[in-house]
DNA sequence: TTGATATATTCCTATGTGGGAATATACTAG
DNA sequence: CTAGTATATTCCCACATAGGAATATATCAA
């Protein structure tokens with residue numbers, strides 16, 4: 005099999021940095037039309053339309069027509085699977101802080117013990 | 005340009021479901037050797053080794069030799085960029101609960117109003 | 001109508017994929 | 001050393017990309 009399609013799920017869709025930028029832009033504020041996104045991203049318009057197409061297919065963004073423009077908005081609940089998955093690992097970097105502190109304290113104790121042993125000789 | 009390499013960053017590395025499974029397995033517990041992962045995943049050994057190679061290159065897992073086996077462990081802090089990015093959208097689904105409730109209440113009001121209007125005719 | 005603007009689509013190509021199969025490498029036991 | 005076990009690597013292929021260029025489609029304005 006080849007690599008999964010970018011449109012196969014959210015994880016594949018957001019693997020592309022430009023698409024994450026688009027999501028970021030749509031998160032901060034209201035709807036935006038394509039021209040606005042083109043300007044902010046500094047990408048050619050067809051590239052932006054294609055990225056929007058991918059995000060549309062996985063449901064991360066939604067469109068509606070407004071005259072000759074198309075207004076895109078974020079559909080944030082479609083990002084939730086990513087959040088749910090990554091959240092399981094949150095404890096690791098919280099615990100990590102604690103364990104780094106612990107290790108440091110252990111080392112300090114060992115050094116102190118060594119010093120005491122050395123001074124006895 | 006073609007699609008970015010799976011080894012180019014964490015986002016691309018974890019886009020593959022099997023690799024997320026591997027991460028999940030390594031998250032629940034201690035180090036595991038390849039054979040163990042092969043058994044749990046039900047994949048051919050070369051496939052597992054290749055997935056581990058990708059995760060190694062982006063730093064999500066680390067290996068050390070133990071005799072003829074290689075023990076893999078999770079390197080959770082490398083997942084943090086994903087967490088940091090997705091966390092920005094957390095507010096959306098918290099707010100969403102509130103807004104779903106609101107919408108439901110609005111609809112109920114509208115239905116009630118329509119019923120009242122109908123009964124007046 | 002015609003011309004301009006906004007957006008999407010199509011065609012192209014270089015590239016990297018994931019799985020299968022086979023093989024290479026490394027280590028261990030006897 | 002030899003056989004066996006554990007793991008990685010190589011070669012294959014069908015496939016989907018992302019960007020570029022060109023074009024199609026839709027809507028507006030005059």
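Protein chains in written order, with our numbering: chain Z, 5 to 125; chain B, 5 to 125. Ideal placement from N, C-alpha and C gives every residue a C-beta, glycine not left out. It should be emphasised that the depicted structure is a prediction, and the values quoted were computed from it without experimental measurement.
C-alpha gap between residue 97 (chain Z) and residue 86 (chain B), whole angstroms: Here residue 97 (chain Z) refers to the residue found at position 93 of the first chain. Here residue 86 (chain B) refers to the residue found at position 82 of the second chain. Rounded to whole angstroms, residue 97 (chain Z) to residue 86 (chain B) spans 13 Å at the Cα level.
Check whether the Cβ of residue 41 (chain B) lies closer than 7 Å to any Cβ atom in chain Z. Along the second chain, read from residue 1 onward, the residue named residue 41 (chain B) stands at position 37. For residue 41 (chain B), the answer is no, since every Cβ of chain Z falls outside 7 Å of its Cβ.
Does the beta carbon of residue 86 (chain B) sit closer than 7 Å to a beta carbon anywhere in chain Z? Sequence index remark: in the second chain, residue 86 (chain B) carries index 82 (1-based). Residue 86 (chain B) counts as touching chain Z.
Which first and last residues belong to the alpha helix (DSSP H) in which residue 77 (chain B) is found? Taking the first residue of the second chain as position 1, residue 77 (chain B) is located at position 73. First-last for residue 77 (chain B): 73-78, but that is the beta strand (DSSP E), not the alpha helix (DSSP H).
Secondary structure of residue 28 (chain Z), DSSP reduced to three states: Residue mapping note: residue 28 (chain Z) aligns to position 24 of the first chain, counting from 1. Three-state result, residue 28 (chain Z): helix.
Might you give, ordered along the chain, the residues of its own chain that have their beta carbon closer than 6 Å to the beta carbon of residue 107 (chain Z), omitting 5 neighbours on each side? Within the first chain, numbered from 1, the residue matching residue 107 (chain Z) stands at position 103. Confidence in residue 107 (chain Z) is poor, its pLDDT being 49 and thus under 50, which makes the residue's placement too unreliable to answer from.
Under a CB-based cut-off of 7 Å, is residue 137 (chain Z) close to chain B? Given that chain Z is displayed from residue 5 to residue 125, the structure contains no residue 137 (chain Z) and the question cannot be resolved.
Name the chain B residues that come within less than 9 Å of residue 68 (chain Z), Cβ to Cβ? Residue 68 (chain Z) sits at position 64 when you count from the first residue of the first chain. Under the 9 Å cutoff, chain B gives no residues; its nearest Cβ is about 17 Å from residue 68 (chain Z).
Identify every run of the beta strand (DSSP E) within the segment 33-96 of chain B, keeping only runs that are complete inside it and at least 3 residues long; order them along the chain. 65-70 and 73-78
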